Amino acid sequence: MTAADLIVAPVLLPLATAAGMLLLGEQRRGIKSVVNTLSTAAGLAIAIFLLLQVHGQDAPSAYAVYLPGNWPVPYGIVLVVDRLSALMMVLAGSVALASLLFALARWHRAGVYFHVLFQLQLMGLYGAFLTADLFNLFVFFEVLLAASYALLLHGGGPERVRAGLHYIAINLFASLLFLIGVAVLYGVTGTLNMADIARKLPLVAESDRGLLLAGASLLGVAFLAKAALWPLNFWLPPAYAAAGAPSAAVFAILTKVGVYAVLRLWTLCFPESAGPSAFYGAELLAWGGIATLAYGSVGMLASQQPARLAGYSVIASSGTLIAAIGLHEPTLAAGALYYLASSTLAGAAMFLLVELLERAREVETAPPQADSGDEELPDFIDTAPPAIVNLDDDEEALIGRAIPAALAFIGVAFGICGLALSGLPPLSGFVGKLAMLSALLPRRDLAAWVFFAMLILSGLMAATALVRIGIRHFWTSGDRPAPTLRIVEGLPVAGLLAALVTLVVLGEPMLEYTRATTEALQSPTLYIDAVLRAEPLPAPTLEAAR
1 MTAADLIVAP VLLPLATAAG MLLLGEQRRG IKSVVNTLST AAGLAIAIFL
51 LLQVHGQDAP SAYAVYLPGN WPVPYGIVLV VDRLSALMMV LAGSVALASL
101 LFALARWHRA GVYFHVLFQL QLMGLYGAFL TADLFNLFVF FEVLLAASYA
151 LLLHGGGPER VRAGLHYIAI NLFASLLFLI GVAVLYGVTG TLNMADIARK
201 LPLVAESDRG LLLAGASLLG VAFLAKAALW PLNFWLPPAY AAAGAPSAAV
251 FAILTKVGVY AVLRLWTLCF PESAGPSAFY GAELLAWGGI ATLAYGSVGM
301 LASQQPARLA GYSVIASSGT LIAAIGLHEP TLAAGALYYL ASSTLAGAAM
351 FLLVELLERA REVETAPPQA DSGDEELPDF IDTAPPAIVN LDDDEEALIG
401 RAIPAALAFI GVAFGICGLA LSGLPPLSGF VGKLAMLSAL LPRRDLAAWV
451 FFAMLILSGL MAATALVRIG IRHFWTSGDR PAPTLRIVEG LPVAGLLAAL
501 VTLVVLGEPM LEYTRATTEA LQSPTLYIDA VLRAEPLPAP TLEAAR
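Using full-length UniProt numbering, the letters of the sequence shown map in sequence onto residues 1 to 546.
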């Protein structure tokens with residue numbers, strides 16, 4: 001079996017799983033939990049298989065192409081997997097599996113159709129990373145966003161509704177710009193296939209070049225709004241802080257979809273060989289990314305709630321990646337891709353830890369659950385607790401079994417996660433930032449030096465903010481009661497932290513992978529040739545049947 005045989009599986013598997021779970025009805029949550037977990041794990045396994053397959057090939061062959069409708073390029077749908085899309089799929093699958101296991105403790109019972117929405121979100125994520133044309137990129141964006149709207153509101157409550165309305169409004173506006181940008185590009189180039197667009201861009205008449213750049217700018221604004229570029233990111237901290245912990249953890253990868261779209265289209269359509277349009281918008285990306293990094297770092301320092309701090313850390317990581325893209329330095333981009341993996345895993349782990357932190361503090365002081373100061377976790381829709389849930393003296397369901405080591409586990413996990421987010425040694429965040437700092441040293445332009453300084457300063461600001469939050473939650477007297485923690489809640493956090501440690505242990509192979517990914521992105525003709533060379537399968541004939 002080759003990679004081309006399995007490219008469509010990450011899209012069809014969650015779609016079929018979601019459809020099947022709809023038929024099961026809302027009451028069979030036990031069966032749906034098992035089905036959802038098996039399907040998510042299978043999706044992750046397929047993503048890892050695709051990554052190993054494309055990474056095992058030389059540069060010209062490190063692409064696998066599939067034509068779902070068997071129509072010739074550029075008229076039909078095209079799915080492509082390369083090193084970049086495979087890396088993003090593995091990250092999405094890892095974060096999704098951890099979030100789902102955490103949700104099985106109780107969050108999947110906080111509302112209806114959680115499992116179905118979860119699978120639809122996975123389908124949108126995988127499809128966005130695999131598609132090779134703008135129209136289907138728009139379709140998969142809408143699928144994942146529609147699912148994220150419902151997952152953000154999962155559990156209800158005024159705080160979620162208020163933050164969710166802002167989130168929905170800004171994303172609908174970004175989608176409108178996306179659609180207009182796609183229409184403009186189609187009007188100028190006559191195609192929606194990304195490889196075909198890149199091939200035809202040098203042939204666009206000079207009189208249409210302004211329209212072409214306007215369409216590209218509209219697309220850029222739409223992607224950068226989804227990537228939380230300043231000042232288009234005001235919606236993110238309250239929305240992510242209001243979402244349930246498993247939903248927020250999945251959202252850690254959503255902003256990276258915008259970063260992925262910018263990286264994919266920008267390197268494909270505006271490479272060094274694009275003549276007058278080479279590196280179009282690079283300066284805006286670089287300075288916008290630096291401003292976003294500064295905004296996210298100040299936001300972390302000013303945050304009083306762990307959930308908002310985690311939201312601002314997502315903004316800071318997005319700013320770092322966008323600035324690295326705008327500075328168009330191959331070695332810098334390789335370090336940024338490594339940092340992308342580290343920041344995504346650490347951000348997801350932090351969102352899961354936020355709930356455990358609040359729960360641990362609630363045992364002692366009963367603090368507010370969210371930003372409003374008076375919101376409580378949602379009432380779960382089950383009228384009777386499951387048989388496996390422990391009951392206290394008042395016959396009320398306990399959240400989990402109290403274990404003396406729970407607070408220690410949360411504290412150690414918070415410390416590891418904080419090191420990774422701050423970019424301090426010895427964890428993966430430090431490796432990624434060190435790779436980027438090394439790439440910036442030889443440069444002599446102002447943007448590179450400002451970015452260099454901000455990478456160091458943002459790490460110090462993040463470390464200060466995290467230490468302050470840590471002291472507030474863990475600096476207590478010895479007679480503090482132990483918080484409750486289920487094994488199924490601790491395992492996904494431990495798994496994400498183990499992945500961060502693995503990134504350090506496999507640091508050099510991982511950096512080799514990101515360097516190879518960057519080299520491929522710097523040579524867009526490889527991607528263009530791989531897509532345009534794809535041929536439909538011949539129709540079956542009677543002779544062949546005999």
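Even glycine gets a Cβ: it sits at the ideal position worked out from N, Cα and C.
As the structure is a computational prediction, the values presented were derived from the model and not from experiment.
- Per the Cβ contact rule, the stretch 497-511 is not in contact with the stretch 27-47 (fewer than 3 Cβ pairs under 8 Å).
- Comparing alpha carbon positions, the residue from P60, M350 and P442 closest to G470 is M350.
- In this structure V90 is buried. Its beta-carbon is surrounded by 16 or more other beta-carbon atoms within 10 angstroms.
- The Cβ atoms of L352 and V493 sit closer than 8 Å to each other.
- Distance from the Cα of Y339 is smallest, within the candidate group A241, A252, R486 and G432, for G432.
- About 6 Å separates the beta carbon of A195 from that of L532, a gap short enough to meet the 8 Å contact definition.
- Judged by DSSP secondary structure, L427 falls outside any beta strand (DSSP E); it is assigned neither H nor E.
- Between the alpha carbons of R308 and A465 lies a distance of about 11 Å.
- The way I'd put it, the stretch 436-443 does touch the stretch 323-338; three or more beta-carbon pairs between them come closer than 8 Å.
- For T131, the three-state secondary structure derived from DSSP is strand.
- Inter-residue distance for I290 and W230 is about 9 Å (C-alpha atoms, whole angstroms).
- In this structure, the beta-carbon distance from V257 to L125 falls below 8 Å.
- Only residues of its own chain outside the window of five on either side were considered, and among them A316, S458 and M461 have a CB closer than 6 Å to the CB of S297, listed in chain order.
- Of the residues assessed, G69 falls on the exposed side of the cut-off, its CB having fewer than 16 other CB atoms within 10 angstroms.
- For L356, DSSP assigns no beta-bridge partner whatsoever.
- The beta carbon of R29 is closer than 8 Å to those of H108, R109 and H115 in its chain, skipping five residues each way along the sequence.
- A distance of 8 Å or more separates the beta carbons of L134 and A198.
- Every unbroken stretch of the alpha helix (DSSP H) spanning 4 or more residues and falling wholly within the stretch 427-494 is given here in chain order: 428-440 and 446-474.
- Looking only at A245, V259, S523 and I325, the smallest Cα-Cα distance to L357 is reached by A245.
- Counting C-beta pairs closer than 8 Å gives three or more between the stretch 220-229 and the stretch 171-178, which meets the contact rule.
- Taken atom to atom, the span from the alpha-carbon of E283 to that of L201 is near 21 Å.
- In the three-state reduction of the DSSP assignment, A146 falls in the helix class, which pools H, G and I.
- When the alpha-carbon of L491 is set against those of S61, A105 and V11, the nearest one is in A105.
- By the neighbour-count criterion, in which a residue is buried when 16 or more other Cβ atoms sit within 10 angstroms of its Cβ, E159 is buried.
- Proximity to R444 across L327, A261 and L6 peaks at L327, based on C-alpha coordinates.
- Between the beta-carbon of K32 and that of L24 there is about 6 Å, and that keeps the pair under the 8 Å contact cut.
- Taking 8 Å as the cut-off, the Cβ atoms of G93 and V11 do not count as close.
- Here L427 has I416, L419, A420, L500 and V504 as same chain residues with Cβ atoms under 7 Å from its own Cβ, once five neighbours each way along the sequence are excluded.
- Around the beta-carbon of S273, fewer than 16 other beta-carbon atoms lie within 10 Å, marking it exposed.
- For V65, the secondary structure class from DSSP, reduced to helix, strand or coil, is strand.
- Counting C-beta atoms within 10 angstroms of its own C-beta, E206 has fewer than 16 neighbours from the protein chains shown and is therefore classed as exposed.
- Ranking H166, A310, F129 and L101 by CA distance to the CA of L263 puts F129 first.
- A check of alpha carbon separations from E535 across V35, I77 and A18 identifies I77 as the nearest.
- Take Y513, set aside five residues on each side of it, and the residues of its chain with a beta-carbon closer than 8 Å to its own are H55, R83 and L87, in chain order.
- Annotation: V314 to Y527 spans about 30 Å, alpha carbon to alpha carbon.
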